[in-house]
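*Asks:* Handing you a structure now.
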Amino acid sequence: MAMPDKTKRHLESAVGYGIGCAVLGLFGAACLTVFALLALAMPMTVSIVTGTLAVLAFLGWRKRRRRQATESSSASMSSSDRPK
Numbered sequence: 000m001a002m003p004d005k006t007k008r009h010l011e012s013a014v015g016y017g018i019g020c021a022v023l024g025l026f027g028a029a030c031l032t033v034f035a036l037l038a039l040a041m042p043m044t045v046s047i048v049t050g051t052l053a054v055l056a057f058l059g060w061r062k063r064r065r066r067q068a069t070e071s072s073s074a075s076m077s078s079s080d081r082p083k
């Protein structure tokens, strides 16, 4: 008995999604393994790199928040400045 096309598409999509998640998980595990080996071999270097990445991520987050705040305040200003 053949499956309906819709069921077959859903099944193929689910299988593809599962394979993608598995590949992503294996990639993440490999990255964590490499990071752990580097941490054992060169703890100071890994600490410096991790700290630098954390600072850069924080600065980027703060910049995005500031940009969103100025965009939202300028949008509310422009709507209140319109002539009625």
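Here numbering that gives the first Met the number 0 is used: the first residue of the sequence shown is 0, the next is one more, and so on.
Built from N, CA and C at the ideal position, the CB exists for glycine as well.
In this text the structure is predicted, and so the values were computed from the model without any measurement.
1) For L31, collect the residues of the same chain with a Cβ closer than 8 angstroms to its Cβ; drop the 5 residues on either side in sequence, then sort them by chain order.
2) Hey, how far is the Cα of A40 from the Cα of L52?
3) Could you spell out where the alpha helix (DSSP H) holding A21 opens and where it closes?
4) Under three-state DSSP, which class holds A1?
5) Measure the Cβ-Cβ separation of A38 and V45 and say whether it is below 8 angstroms.
*Replies:* Let me lay it out:
1) If we look at L31 and ignore the five residues flanking it on each side, it has no Cβ neighbours.
2) For A40 and L52, the distance between alpha carbons rounds to 19 angstroms.
3) Residues D4 to A40.
4) Of the three classes helix, strand and coil, the one that applies to A1 here is coil, per DSSP.
5) One thing to note: A38 has its Cβ within 8 angstroms of the Cβ of V45.
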